[in-house]
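What follows is a single structure, written as structure tokens, with notes after it.
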Amino acid sequence: MSAPILIFDSGLGGLTVLREARLLLGEHRFVYVADDAAFPYGDWEEEALRARIVALFGDLIRDHQPAAAVIACNTAFTLAGEALRAAYPQTCFVGTVPAIKPAAERTASGLVSVLATPGTVRRAYTRELIRSFAGQCAVTLVGSPVLAAQAERLLQRLPVDEELILAQIAPCFVEADGRRTDIVVLACTHYPFLAPLFRKLAPWPVDWLDPAEAIARQIRRVVPEAPFDRDAANLGRDPAVFTSGRKAPELERLLVGFGLKL
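Numbering (our numbering) for the sequence shown: 397 to 658.
The structure is reproduced here in structure tokens:
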């Protein structure tokens with residue numbers, strides 16, 4: 397049986413990446429890991445969170461021996477990506493970073509916004525991406541402390557606060573010299589689940605740039621194509637691991653829709 401691909405997130409946001417990865421790597425098994433015991437990551441001090449993620453991956457790599465480990469979380473990868481690669485050099489890590497380069501290539505107005513978590517906005521990594529790839533653009537960084545939690549609520553069919561969501565995305569919309577923001581980078585894997593609401597509430601249409609497809613293409617580049625594994629297919633749904641140990645019926649129903657089981 398071939399080694400699985402491990403997809404890691406602080407919560408449910410990485411399901412956007414899993415969904416795209418399955419389209420390109422359907423012959424592979426997956427393991428989904430949500431560090432929901434520590435959610436939201438934005439509440440943590442950086443050093444403590446980095447140490448937690450690196451230690452957690454020691455257990456995950458030992459238990460699952462993945463063909464690749466996908467950090468489907470901008471906050472986690474921009475904070476701990478280098479430390480993970482240094483600690484586990486035999487493991488192939490695929491990271492998630494804000495899609496600033498493709499946004500800069502696509503924008504017509506030159507006004508780009510990056511909607512992220514506060515941690516991703518603070519990170520020097522993000523500002524270096526802007527300097528490297530978007531020097532000719534005016535980039536607005538918007539860090540929301542609440543949108544990831546709203547996405548988790550939406551996925552679990554709980555009510556969300558549209559006024560709160562509008563207040564969080566409003567700073568993304570900038571007008572200057574007759575130009576308007578035309579691209580908003582979704583720099584948190586939770587946010588694509590809210591994209592229909594973003595479109596509904598936005599003051600004007602923009603391109604909401606979802607990085608999940610690009611991440612899936614990168615996984616395809618680094619993970620060799622494998623023959624279809626009939627034994628693995630017969631096992632049914634792929635495993636999902638939640639670090640809190642949570643086993644709620646509504647969570648189990650949600651995961652079934654993504655081909656996962658607790």
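We put the CB at the ideal spot given by N, CA and C, even for glycine.
Quick caveat, the model's predicted, so the values are computed rather than measured.
Per-residue burial, residue i [other beta carbons within 10 Å of its own, 16 or more giving buried]
{"i": "ALA499", "result": "buried"}
{"i": "PRO494", "result": "buried"}
{"i": "ASP634", "result": "buried"}
{"i": "PRO620", "result": "exposed"}
{"i": "ASP573", "result": "exposed"}
{"i": "ASP557", "result": "exposed"}
{"i": "LEU525", "result": "buried"}
Reduced DSSP secondary structure (H/G/I, E/B, other) of residue i
{"i": "GLU441", "result": "coil"}
{"i": "LYS657", "result": "strand"}
{"i": "LEU650", "result": "helix"}
{"i": "ASP432", "result": "helix"}
{"i": "GLU558", "result": "helix"}
{"i": "LEU669", "result": "Outside the modelled stretch of the chain, which goes from 397 to 658, sits residue 669, for which no answer is possible."}
{"i": "ALA465", "result": "strand"}
Candidates the options, of which the one nearest residue i by Cα
{"i": "GLY506", "options": "PHE569, GLY655 and SER640", "result": "PHE569"}
{"i": "HIS460", "options": "VAL490, VAL427 and ALA434", "result": "VAL427"}
{"i": "ALA545", "options": "PHE529, THR536 and GLN564", "result": "GLN564"}
{"i": "TRP440", "options": "ASP578, ALA644 and PRO541", "result": "PRO541"}
{"i": "LEU543", "options": "LEU590, PRO620 and LYS657", "result": "LEU590"}
{"i": "ARG549", "options": "ARG446, HIS586 and PHE404", "result": "HIS586"}
{"i": "PHE473", "options": "GLU442, PHE594, GLY539 and ASP455", "result": "GLU442"}
C-beta atoms of residue i and residue j nearer than 7 Å
{"i": "CYS488", "j": "VAL618", "result": "yes"}
{"i": "ILE467", "j": "GLY491", "result": "yes"}
{"i": "ARG502", "j": "ILE579", "result": "yes"}
{"i": "PRO588", "j": "LEU597", "result": "no"}
{"i": "VAL429", "j": "PHE453", "result": "no"}
{"i": "ALA612", "j": "ALA417", "result": "yes"}
{"i": "ALA447", "j": "SER640", "result": "no"}
For residue i, the residue or residues it bridges with in DSSP
{"i": "VAL413", "result": "According to DSSP, which records beta bridges pairwise, VAL413 is partnered with nothing at all."}
{"i": "ILE579", "result": "VAL508 and ASP603"}
heavy atom of the ligand ADP below 6 Å from residue i C-beta
{"i": "ARG633", "result": "In the structure on display, the ligand ADP does not appear, and there are no ligands present to speak of."}
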